[in-house]
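Below: one structure, written as structure tokens.
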Amino acid sequence: MLIKRPCKVKTIHLLTSMDEGSGKQQQICGLQEIKESLRNHGVLLELEYSSSIHDREIRFDNGWMIKIGRGLDYFKKPQSRFSLGYCDFDLRPCHETTVDIFHKKHTKKI
Numbered sequence: 001m002l003i004k005r006p007c008k009v010k011t012i013h014l015l016t017s018m019d020e021g022s023g024k025q026q027q028i029c030g031l032q033e034i035k036e037s038l039r040n041h042g043v044l045l046e047l048e049y050s051s052s053i054h055d056r057e058i059r060f061d062n063g064w065m066i067k068i069g070r071g072l073d074y075f076k077k078p079q080s081r082f083s084l085g086y087c088d089f090d091l092r093p094c095h096e097t098t099v100d101i102f103h104k105k106h107t108k109k110i
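In full-length UniProt numbering, the protein residues as written are 1 to 110.
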């Protein structure tokens, strides 16, 4: 959505946990691909890994923050490449999770 519409966001900070086992390399490669793709559109993705957090946190340089309980993989896989939702994620079912969206001016650090 940030790329499709005019937006002043130039930096995204993603705080997430590191996958364990065989998923670790896939996670690193996938996030690196996203980072490079965003860079091609003039957006910097900063990645930070934490071993102590539960929710994933995305911060935008315009002050908005998103916390996702499940992480970035909340969409279910389509049944086939011809299923509705294969290309349009608005049509895909989602895994159960929580998404909290708020602005930093309404928060305080503890």
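Heads up, the beta-carbon is just placed ideally off N, CA and C, and yes, glycines get one too.
Between the C-alpha atoms of I12 and S80, what's the straight-line distance to the nearest angstrom? Distance between the alpha carbons of I12 and S80 is about 32 Å.
Between which two residues does the beta strand (DSSP E) containing I28 stretch? For I28, no beta strand (DSSP E) encloses it; the enclosing alpha helix (DSSP H) starts and ends at 23 to 39.
In the DSSP assignment, what are the bridge partners of Y49? Paired residue(s): T16.
Are the beta-carbon atoms of L72 and R59 separated by less than 9 Å? Taking a C-beta distance under 9 Å as the contact criterion, L72 and R59 do not qualify as a contact pair.
Would you list the residues sitting across from D88 in a DSSP beta bridge? Per DSSP, none; premise fails for D88.
Please determine, among L14, H41, C87, the residue with the shortest C-alpha to C-alpha distance to P6. Closest option to P6, Cα to Cα, is H41.
What's the C-alpha gap between M65 and L31? Note on geometry: alpha-carbon atoms of M65 and L31 lie some 19 Å from one another.
Cutting at 6 Å between CB atoms, please list the residues of its own chain near E48, excluding the five before and the five after it. Excluding positions up to five away in sequence, the list reads L15.
Alpha carbon to alpha carbon, what distance is there between F82 and D100? Rounded to the nearest angstrom, the two C-alpha atoms are 32 Å apart.
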